[in-house]
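Novice:
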Amino acid sequence: MQASTLAALKELALQCARSAGELSLKRMKEPFTVEYKTSASDLVTAVDKEVEKHVVGMILQRFPDHGILGEERTFAEDPAKYETLWVIDPIDGTTNFVHQQINFSVSIAVYHKGEGLVGAVYDPSRDELFYAVKGEGAYLNDRPLRLDRTVSLEEALLCTSVFWNKRAEQMGIDLIVKKLAGKVRGMRLLGSAALEMAYVAAGRLDGYVSLSLNAWDFGAGRIIVEEAGGRVTTMTGTPLPYDQKSSVMACNPTFYEELQHYLKSENMDVPS
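Note that this note's numbering has the sequence shown beginning at 2, numbered continuously upward.
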């Protein structure tokens with residue numbers, strides 16, 4: 002891909018992330034409707050739909066031949082038929098948003114033939130924009146991010162959503178992760194996978210583990226972590242897909258093998 006095209010993709014991705022974040026923050030202060038998707042903990046608001054429609058419009062105005070994979074499915078065409086695919090989550094952390102908590106974000110990623118080119122995660126509450134371009138590194142508000150600190154498993158601060166996943170409980174994986182909590186410095190849960198992965202890239206967290214995430218949850222975070230020098234795979238160590246649901250493990254590279262060894266030693270039977 003030409004450098005000028007990549008620069009244009011980056012420019013638009015960052016514009017979309019900021020514009021969507023500003024709109025969501027504005028709407029957060031106004032009355033909005035809340036609906037259930039699959040359960041009382043799986044929420045969608047009118048704001049999610051409005052923000053995604055806003056982002057889709059921005060993308061198609063500039064790149065009408067691109068496909069879009071979004072959580073709220075406001076793009077009518079089949080995303081699979083497009084070489085260049087935008088993977089977007091208008092509000093990652095909707096439950097936090099509904100409860101007026103600040104840990105929510107906008108996630109925007111661009112993939113071309115399955116290769117991650119641009120990732121942007123914007124936290125409008127703190128005005129922090131995490132982004133990366135393939136081969137150009139990762140940044141937080143234009144400050145370079147680089148995972149160059151050596152971390153052992155016992156020194157690591159991890160983030161996970163596995164504790165509260167019913168599927169994990171049924172498979173016994175929640176017990177394994179609880180045991181993992183005793184081997185690391187601490188465990189956290191912020192409620193926004195995109196933001197949690199961005200925090201891994203920034204060194205605020207040392208690792209993130211999830212049993213199952215949708216592509217729009219990890220699409221941008223993956224690119225940012227990798228460009229910061231981190232490792233991102235499934236929990237079983239296989240390559241992460243770009244357009245499908247998957248387990249996710251993102252971490253500082255210095256203890257990746259140690260964490261993988263622990264998970265395998267516990268015989269975790271998790272989806273790739």
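For every residue, glycine included, the Cβ atom is placed at its ideal position computed from N, Cα and C.
Between the C-alpha atoms of G117 and S25, what's the straight-line distance to the nearest angstrom?
Specialist: Indexing the sequence shown from 1 puts residue 117 at position 116. Indexing the sequence shown from 1 puts residue 25 at position 24. Spanning the two alpha carbons is a distance of roughly 26 Å.
Novice: For a minimum of 3 consecutive residues, which ranges assigned as the beta strand (DSSP E) are wholly contained in the segment 55–118?
Specialist: You should have 68–71, 85–93 and 106–113.
Novice: For the beta strand (DSSP E) containing T234, list its first residue and its last residue.
Specialist: Within the sequence shown, residue 234 is the residue found at index 233, counting from 1. Segment R232 to T234, the beta strand (DSSP E) holding T234.
Novice: Determine, using beta carbons only, whether T255 and V152 come nearer to each other than 7 Å.
Specialist: Your numbering for residue 255 matches position 254 in the sequence shown. Your numbering for residue 152 matches position 151 in the sequence shown. Yes. Within cutoff.
Novice: Let's see if you can read the secondary structure: which residues bound the beta strand (DSSP E) around L154?
Specialist: Start at 1 with the first residue of the sequence shown, and residue 154 comes out as number 153. Note, L154: premise wrong, no beta strand (DSSP E); not H, not E.
Novice: Take the Cβ of T234 as the centre, count every other Cβ of all protein chains shown within 10 Å, and call the residue buried at 16 or more, exposed below.
Specialist: One-based indexing of the sequence shown puts residue 234 at position 233. Flag for T234 reads buried.
Novice: Please list the terminal residues of the continuous beta strand (DSSP E) segment that includes G187.
Specialist: Numbered from its first residue, the sequence shown carries residue 187 at position 186. First-last of the beta strand (DSSP E) with G187: G187 to R189.
Novice: In the segment 203–251, which residue ranges form an unbroken alpha helix (DSSP H) of at least 4 residues, counting only runs that do not cross its ends?
Specialist: 216–228
Novice: Give me the Cα-Cα distance between D93 and E267, rounded to the nearest whole angstrom.
Specialist: Mapped onto the sequence shown, residue 93 falls at position 92. Mapped onto the sequence shown, residue 267 falls at position 266. About 31 Å.
Novice: Does DSSP put R127 in a helix, a strand or coil?
Specialist: Translated into the one-based positions of the sequence shown, residue 127 becomes position 126. Here R127 sits in coil by DSSP.
Novice: Can you tell me whether G120 is helix, strand or coil according to DSSP?
Specialist: Within the sequence shown, residue 120 is the residue found at index 119, counting from 1. Of the three classes helix, strand and coil, the one that applies to G120 here is strand, per DSSP.
Novice: Helix, strand or coil: which one does DSSP assign to R144?
Specialist: On the sequence shown, position 143 is the one that residue 144 refers to. Residue state, collapsed to three classes: strand.
Novice: Quick check: the Cα distance between I225 and E31, rounded to an integer number of angstroms?
Specialist: Within the sequence shown, residue 225 is the residue found at index 224, counting from 1. Within the sequence shown, residue 31 is the residue found at index 30, counting from 1. Distance between the alpha carbons of I225 and E31 is about 32 Å.
Novice: Cα separation between S108 and T237?
Specialist: Numbered from its first residue, the sequence shown carries residue 108 at position 107. Numbered from its first residue, the sequence shown carries residue 237 at position 236. Each residue's alpha carbon lies about 25 Å from the other.
Novice: Using three-state DSSP, classify G183 as helix, strand or coil.
Specialist: As a position in the sequence shown, residue 183 is number 182, starting the count at 1. Residue state, collapsed to three classes: coil.
Novice: Out of T34, V119, E84 and L158, point me to the one whose CA is closest to G204's CA.
Specialist: Sequence index remark: in the sequence shown, residue 204 carries index 203 (1-based). When each option's Cα is compared against that of G204, the closest is L158.
Novice: Using a Cβ-Cβ cut-off of 6 Å (strictly less than) and excluding sequence neighbours within five positions of E228, which residues of its own chain qualify?
Specialist: In the sequence shown, residue 228 corresponds to position 227, counting from 1. If we look at E228 and ignore the five residues flanking it on each side, its Cβ neighbours are A133, G138 and A139.
Novice: At the level of alpha carbons, what is the spacing between S5 and I69?
Specialist: Working through the sequence shown from its first residue, we reach residue 5 at position 4. Working through the sequence shown from its first residue, we reach residue 69 at position 68. So the alpha carbons of these two residues sit roughly 21 Å apart.
Novice: Our contact map puts W217 next to I89 with C-beta atoms below 8 Å; I'd like the distance itself, whole angstroms only.
Specialist: The residue you call residue 217 lines up with position 216 of the sequence shown. The residue you call residue 89 lines up with position 88 of the sequence shown. Indeed they touch by this definition, with Cβ atoms about 6 Å apart.
Novice: Provide the residue span of the alpha helix (DSSP H) that contains V19, from first to last.
Specialist: By 1-based counting over the sequence shown, the position of residue 19 is 18. One point to set straight first is that residue 19 is Arg, not Val, in the sequence displayed. First-last of the alpha helix (DSSP H) with R19: A4 to M29.
Novice: Does the distance from the C-beta atom of A251 to that of M188 stay below 7 Å?
Specialist: Within the sequence shown, numbered from 1, the residue matching residue 251 stands at position 250. Within the sequence shown, numbered from 1, the residue matching residue 188 stands at position 187. Contact annotation: A251 and M188 have beta-carbon atoms that are not nearer than 7 Å.
Novice: Identify whether T284 lies in helix, strand or coil by the three-state DSSP scheme.
Specialist: Only positions 2 to 273 of the chain appear in this structure, which leaves residue 284 out of reach.
Novice: In chain order, what residues of the same chain have a beta carbon less than 6 Å from the beta carbon of Y112, not counting five sequence neighbours either side?
Specialist: For this step, residue 112 is matched to residue 111 along the sequence shown. If we look at Y112 and ignore the five residues flanking it on each side, its Cβ neighbours are L86 and Y243.
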